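Have a look at the structure below, then the notes.
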Amino acid sequence: MNFYIIIIFIYLAVLTVMNFLKSRKVKTQDDMMVAGRSISMTKMVFTLICTWIGSGTFIAGAEFAAKAGWSALWQPVGAWIGIIIIYFLAAKIRTFGQYTVGDILEVRYGPIARIVGAFAIFVSFVVIVSYQFKAGGYILNAISDGSISIQQGTFMAFVFVTLFTAIGGMIAIANTDLPNGIIILTSTVIATPIVMATAGSWSKIQSILPASHFQVFSEAFGGNPYLKIPAIGLSGLLLLLGVQSMYQKFYSARNPAEAKKAAGMWVIGTMIIEFVVIVMAIYASAYFWEDLQNGTLDHAAVIIQAAKKMVPLPVGVLLLGAATAVVISTGMNYLLSPTTTLIHDIYQRFFKARDKENAASEKSIVVLQKVMILFVGVFAYLIATQMTSVLENAYFAYTIYGVAITPALLAALTSKRVTRMAGIVSIILATFITVFLKIAGYIWPSIMVPLGSPNADPFGIPIIFWALPVSVLSLLVVSMFTKKPEKEVLARFFPDEK
23 MNFYIIIIFI YLAVLTVMNF LKSRKVKTQD DMMVAGRSIS MTKMVFTLIC
73 TWIGSGTFIA GAEFAAKAGW SALWQPVGAW IGIIIIYFLA AKIRTFGQYT
123 VGDILEVRYG PIARIVGAFA IFVSFVVIVS YQFKAGGYIL NAISDGSISI
173 QQGTFMAFVF VTLFTAIGGM IAIANTDLPN GIIILTSTVI ATPIVMATAG
223 SWSKIQSILP ASHFQVFSEA FGGNPYLKIP AIGLSGLLLL LGVQSMYQKF
273 YSARNPAEAK KAAGMWVIGT MIIEFVVIVM AIYASAYFWE DLQNGTLDHA
323 AVIIQAAKKM VPLPVGVLLL GAATAVVIST GMNYLLSPTT TLIHDIYQRF
373 FKARDKENAA SEKSIVVLQK VMILFVGVFA YLIATQMTSV LENAYFAYTI
423 YGVAITPALL AALTSKRVTR MAGIVSIILA TFITVFLKIA GYIWPSIMVP
473 LGSPNADPFG IPIIFWALPV SVLSLLVVSM FTKKPEKEVL ARFFPDEK
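Here's what the structure looks like:
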């Protein structure tokens with residue numbers, strides 16, 4: 023067993039002990055779902071970073087950068103814009119102070135919106151969890167020099183993430199994210215200039231990489247890059263603007279003021295990390311160019327290999343620790359969120375009303391959610407075993423959430439005119455179109471362009487450009503012809519306005 027694996031396993035063991043200790047504080051539903059609404063601003067900053075910076079950055083983002091070059095910057099730019107917008111909404115989200123985005127959807131659009139929204143959340147988040155497991159397989163395979171297979175690594179990631187989440191819920195997540203976030207930020211900032219120096223000068227990079235890597239929309243990415251690459255950035259923007267895991271963190275803050283301050287610092291941290299990871303991936307792809315071309319190295323593994331072969335051992339250990347940390351932290355965040363949806367939005371809302379005075383009921387809800395985490399984790403693992411492209415699965419998960427949930431959610435928070443029927447129609451149509459087109463690609467593969475590629479799109483047009491206009495137009499058009507919201511409903515979202 024090599025040195026890297028020993029260090030990573032020691033780190034995982036420390037996290038395990040810490041989570042067991044923190045799990046003793048989990049007594050109620052508030053503890054499990056929103057950490058008793060007691061997360062400090064410092065923990066908020068790093069838990070927000072860990073919620074967004076996951077294998078979508080270190081694995082899918084690296085795959086994108088290795089294939090498309092500087093065009094990969096379109097992906098984080100969308101998220102950066104989303105974070106800036108969220109900064110202005112953070113205090114309002116915390117003031118609303120519930121458990122899920124389903125709470126917002128039902129207050130504004132009714133119970134049907136909660137149910138359909140829960141379906142979209144469950145599908146997208148389970149897919150996100152599944153590719154965290156797959157990314158864990160890539161990381162452990164690379165760290166162990168192949169002695170741990172990708173399949174074995176995927177299973178190990180599934181076990182760690184699922185058990186960590188089930189042990190302590192949001193309390194465990196917030197405390198795990200603090201050291202993980204510090205490691206992620208520190209390691210990427212330190213490693214980037216070393217990777218650049220090892221790969222060579224700018225002129226050397228230009229001589230190795232194809233000209234397409236320096237285009238605004240890289241033609242090497244396949245299909246129609248003028249649509250596909252902006253679509254990936256747009257999907258990231260829409261996911262971040264409405265992602266339930268983020269809202270759940272804001273609900274967990276001690277107060278609205280701290281939630282907003284944490285969001286401001288989160289903007290800076292995320293911009294730094296995502297930019298330097300892309301820089302590292304591009305320089306590393308030049309360094310490993312022959313291996314990428316002959317197929318001996320997967321594009322998704324360039325950051326992992328850079329940590330082993332392009333930086334000194336201490337920095338490499340730190341960077342591999344960061345890669346492991348993002349899989350654990352993001353997997354935990356996105357595993358807790360859909361189970362919170364199932365418990366709070368479906369079970370409690372429609373089958374068993376919550377009894378705040380009954381301590382036994384509180385404990386039973388905590389136990390039920392822990393069991394649910396185990397089941398959803400197994401389901402996500404089964405999906406991971408069938409996965410071929412982390413990037414494409416990330417893109418689909420982002421898309422279904424971004425078009426089905428985010429437009430209606432933002433309209434609920436910012437518009438007084440959007441109506442109940444408009445929200446329901448928007449969520450249902452966007453969900454249907456996204457899922458239908460995804461399934462259609464498997465039933466009629468001939469419609470996918472480029473044919474046979476895991477990154478193909480129906481008729482060469484990314485799904486987001488089919489579904490997003492329908493989602494937004496539904497909100498606008500249906501609102502014009504249906505009854506305005508009641509004043510009592512609007513008062514929940516605009517309490518300071520008469």
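Under our numbering, think of the first position of the sequence shown as 23, with each following residue one higher. We treat Cβ as the ideally placed atom computed from N, Cα and C, and that holds for glycine. As the structure is a prediction and not an experimental result, all values here were calculated from the model.
Proximity below 9 Å, CB of residue i to CB of residue j
i           : j           : result
residue 161 : residue 333 : no
residue 427 : residue 266 : yes
residue 496 : residue 457 : no
residue 209 : residue 343 : yes
residue 350 : residue 202 : yes
residue 304 : residue 88  : yes
residue 150 : residue 436 : no
residue 308 : residue 221 : yes
residue 213 : residue 84  : no
residue 153 : residue 409 : yes
residue 146 : residue 261 : yes
residue 255 : residue 74  : no
residue 276 : residue 71  : no
residue 164 : residue 330 : yes
residue 1   : residue 445 : No information on residue 1 is available, as it lies outside the stretch 23 to 520 that the chain covers here.
residue 363 : residue 144 : yes
Residue i, enclosing alpha helix (DSSP H) - first and last residue
i           : result
residue 440 : No alpha helix (DSSP H) contains residue 440, which DSSP labels as neither H nor E.
residue 512 : 509–515
residue 224 : 224–230
residue 233 : Element bounds for residue 233: n/a, residue is neither H nor E.
residue 484 : Taken as a continuous stretch (DSSP letters only), residue 484 belongs to no alpha helix (DSSP H), as it is neither H nor E.
residue 466 : Where residue 466 is concerned, there is no enclosing alpha helix (DSSP H), given that its DSSP letter is neither H nor E.
residue 135 : 133–165
residue 609 : The shown model of the chain, from 23 to 520, leaves out residue 609, and the question about it has no answer.
residue 89  : 83–90
Simplified DSSP state of residue i, which is helix, strand or coil
i           : result
residue 268 : helix
residue 275 : strand
residue 429 : helix
residue 368 : helix
residue 480 : strand
residue 75  : coil
residue 29  : helix
residue 61  : strand
residue 333 : coil
residue 24  : coil
residue 37  : helix
residue 378 : In this predicted model, residue 378 has a pLDDT of only 49, less than 50, meaning its place in the structure is not dependable enough to derive any value.
residue 505 : coil
Alpha-carbon spacing of residue i relative to residue j, whole angstroms
i           : j           : result
residue 168 : residue 336 : 21 Å
residue 248 : residue 186 : 41 Å
residue 206 : residue 339 : 12 Å
residue 452 : residue 34  : 40 Å
residue 230 : residue 310 : 10 Å
residue 134 : residue 183 : 32 Å
residue 32  : residue 136 : 42 Å
residue 504 : residue 494 : 16 Å
residue 454 : residue 142 : 10 Å
residue 86  : residue 318 : 18 Å
residue 406 : residue 418 : 14 Å
residue 126 : residue 514 : 9 Å
residue 79  : residue 508 : 42 Å
residue 535 : residue 371 : Here the chain comprises residues numbered 23 to 520, so residue 535 is not present and cannot be evaluated.
residue 250 : residue 487 : 10 Å
Neighbourhood of residue i by C-beta, 6 Å cutoff - its chain only, sequence neighbours within 5 removed
i           : result
residue 433 : 440 and 497
residue 264 : 427, 428 and 431
residue 438 : 512
residue 66  : 275 and 284
residue 218 : 305
residue 323 : 160 and 164
Other residues of its chain near residue i: CB distance less than 7 Å, five sequence neighbours each side excluded
i           : result
residue 42  : 189
residue 159 : 172, 173, 175, 176 and 179
residue 241 : 234 and 247
residue 462 : 469 and 480
residue 68  : 199, 200, 203 and 204
Cβ of residue i within 9 Å of any chain B Cβ
i          : result
residue 91 : Reference to chain B is not applicable here, since this structure consists of a single protein chain.
Sequence-distant residues of its chain with Cβ nearer than 8 Å to residue i (five each side left out)
i           : result
residue 289 : 102, 105, 106 and 109
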